[in-house]
Amino acid sequence: MSNDLDPVVSVKGLRVRFGRRTILDGLDLDVPRGSVMALVGRNGVGKSTLLRVLVGALLPQAGAARVLGLDPTREGPRVRARIGYVPDRIDVPSWMRGRDWLAFVARFYPTWSTTEQRRWLDVLALEDGTKVSAMSKGARTKLALVAALAHSPELLLLDEPFSGLDVGVRHAITTAVLTSLRDESRSVLLVSHSIPDVERLADRVAVLSEGRIERSGELEVVGRTERGGVDLESTLLALPATGGSR
Amino acid sequence: MEARLHIEIDPRADLPPSEQLAQQIRFAVAAAELRPGDRLPSVRALAVEALVNPNTVGKAWRDLEREGVLESRPGDGVFVARGALKVCVAARDAVLRERVERLVADAHSAGLSRGDVQTWVDEAWTRRRGWKRVGGL
Numbered sequence: 008m009s010n011d012l013d014p015v016v017s018v019k020g021l022r023v024r025f026g027r028r029t030i031l032d033g034l035d036l037d038v039p040r041g042s043v044m045a046l047v048g049r050n051g052v053g054k055s056t057l058l059r060v061l062v063g064a065l066l067p068q069a070g071a072a073r074v075l076g077l078d079p080t081r082e083g084p085r086v087r088a089r090i091g092y093v094p095d096r097i098d099v100p101s102w103m104r105g106r107d108w109l110a111f112v113a114r115f116y117p118t119w120s121t122t123e124q125r126r127w128l129d130v131l132a133l134e135d136g137t138k139v140s141a142m143s144k145g146a147r148t149k150l151a152l153v154a155a156l157a158h159s160p161e162l163l164l165l166d167e168p169f170s171g172l173d174v175g176v177r178h179a180i181t182t183a184v185l186t187s188l189r190d191e192s193r194s195v196l197l198v199s200h201s202i203p204d205v206e207r208l209a210d211r212v213a214v215l216s217e218g219r220i221e222r223s224g225e226l227e228v229v230g231r232t233e234r235g236g237v238d239l240e241s242t243l244l245a246l247p248a249t250g251g252s253r
Numbered sequence: 017m018e019a020r021l022h023i024e025i026d027p028r029a030d031l032p033p034s035e036q037l038a039q040q041i042r043f044a045v046a047a048a049e050l051r052p053g054d055r056l057p058s059v060r061a062l063a064v065e066a067l068v069n070p071n072t073v074g075k076a077w078r079d080l081e082r083e084g085v086l087e088s089r090p091g092d093g094v095f096v097a098r099g100a101l102k103v104c105v106a107a108r109d110a111v112l113r114e115r116v117e118r119l120v121a122d123a124h125s126a127g128l129s130r131g132d133v134q135t136w137v138d139e140a141w142t143r144r145r146g147w148k149r150v151g152g153l
């Protein structure tokens, strides 16, 4: 049984290889309950790979992952029923209207609420009668976020939710995620290159480099500048560039 | 009564977000925009409004409680504390005087006269007149 004090995500010694290329190499990570943790690092460093392990879409070669106390490699459906996941590439059939997609997704979640669905459509100012083919990238991301929130998940996994979006949409997404935190014990694990958005949204940050967590902790500590402010970008620029095969 | 606040956080400013928030509260109390006994919005509501993580707000609240600016009444909320005005006026004046000291030090080492600086201060002051005061920083 999981306990309120247990981390919502706990990863130990995770190793993932694609062919001869090692992506994750003994990665350890704990996400405390109630926190918004940003996972940052250079391109191709394995951030999305880690999320895919956590949702049970990818089997690691070694190591263990626990999500809400469950093993995603063996209990994937049970994990997915209790988390919300916005993947980096959102594949929605283009002929569907927003509301058709939500009705389709709702069937996979025992805790789905149409009241919550309406609430998140309102918060995000999204028109659900529009066909997906006619939606902007921002609207599709909003739709994916509604689909990830309407079943009141305990954990939200967001993979590059801000990428390629204008400031208005990024603002709306930040507002929605912060609003969703009003439900006391919700936790968020966020992968993003959009550092200003991370600096607002996250309270903890984990820096992924060379297959491991290079450092992690409170944002105001990890990203602290000499002048006392927060500048995560400089922290990231100090990291080694990711090489090809290792 | 519940206070209406306009908080703006710039994650890239020289102060960490939680301290920017605390500073804006201190300035609002010092300017009597917030008065002892006023209730502050809940941590999570203010987090959405200021677009920062709730723990950032929580940290600011804890710091301000320690300084005697805020007091939490369990089950009721967080309020501006009874001796907050004095604390906040002192804190605000310390911040602003420090900036003046720095300005004067820079002007002095650049070889400017007291009159030069005073002229600029007067000009800046004139331009500000009629501006609506918003926020603290």
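Chains as they are written, first to last, in the numbering used here: chain A, 8 to 253; chain B, 17 to 153.
For every residue, glycine included, the Cβ atom is placed at its ideal position computed from N, Cα and C.
These figures come from a predicted structure and were not determined experimentally.
Of the residues A/G171, A/P79, A/P117, the one whose Cα lies closest to the Cα of A/R96 is A/G171.
Per DSSP, A/T29 is one residue of the beta strand (DSSP E) stretching across 28-38. Remark: fewer than three beta-carbon pairs, one from each stretch, lie closer than 8 Å, so the stretch 101-114 of chain A and the stretch 50-63 of chain A are not flagged as touching. Within chain B, the residues whose beta carbon sits less than 7 Å from that of A/R234 are D30, listed in sequence order. Counting along the chain, no alpha helix (DSSP H) covers A/V43; the unbroken beta strand (DSSP E) around it starts and ends at 43-47. The C-beta distance from A/A155 to A/G91 rounds to 3 Å, short enough to meet the 8 Å contact threshold. At least one C-beta of chain A is nearer than 8 Å to the C-beta of B/S34.
B/S34 counts as buried, since at least 16 other C-beta atoms from the protein chains shown sit within 10 angstroms of its C-beta. Between the alpha carbons of B/E83 and B/R108 lies a distance of about 13 Å. Chain A places a beta carbon closer than 8 Å to that of B/A63, counting this residue as a contact. For B/V73, the enclosing alpha helix (DSSP H) has its first and last residue at 70-83.
DSSP places A/I202 in no beta strand (DSSP E) but in the uninterrupted alpha helix (DSSP H) bounded by 202-208. Per DSSP, A/F169 is not a residue of any alpha helix (DSSP H), being assigned neither H nor E. Residue state for A/V18 is assigned as strand, using DSSP reduced to three classes. Look at B/I25 here: in three-state DSSP terms it is coil, with no helix or strand label.
Annotation: the stretch 40-121 of chain A contains the following complete segments of the alpha helix (DSSP H) (minimum length 4 residues), in chain order: 54-61, 83-89, 105-113. Using a Cβ-Cβ cut-off of 8 Å, A/P39 does not count as an interface residue toward chain B, since no Cβ of chain B sits closer than that to its own. Assignment of A/S216 by DSSP, reduced to helix, strand and coil, places it in the strand class. Between A/D37 and A/S17 a beta carbon distance of about 5 Å is seen, short of the 8 Å cut, so the two are scored as contacting. Around the beta carbon of B/Q40, 16 or more other beta carbons sit within 10 angstroms, so the residue counts as buried. Look at the stretch 168-189 of chain A: the residues with a C-beta under 8 Å from a C-beta of chain B are H178, T181, T182, L185, T186, L188, R189. Residues V99, P100, V139, L150, A154 of the same chain have their beta carbon placed closer than 8 Å to that of A/W108, with the five preceding and five following residues left out of the count. Setting aside the 5 residues that flank it on each side, A/P39 is surrounded in the same chain by P14, V15, S194, R211, each with a C-beta closer than 8 Å to its C-beta; the list follows chain order.
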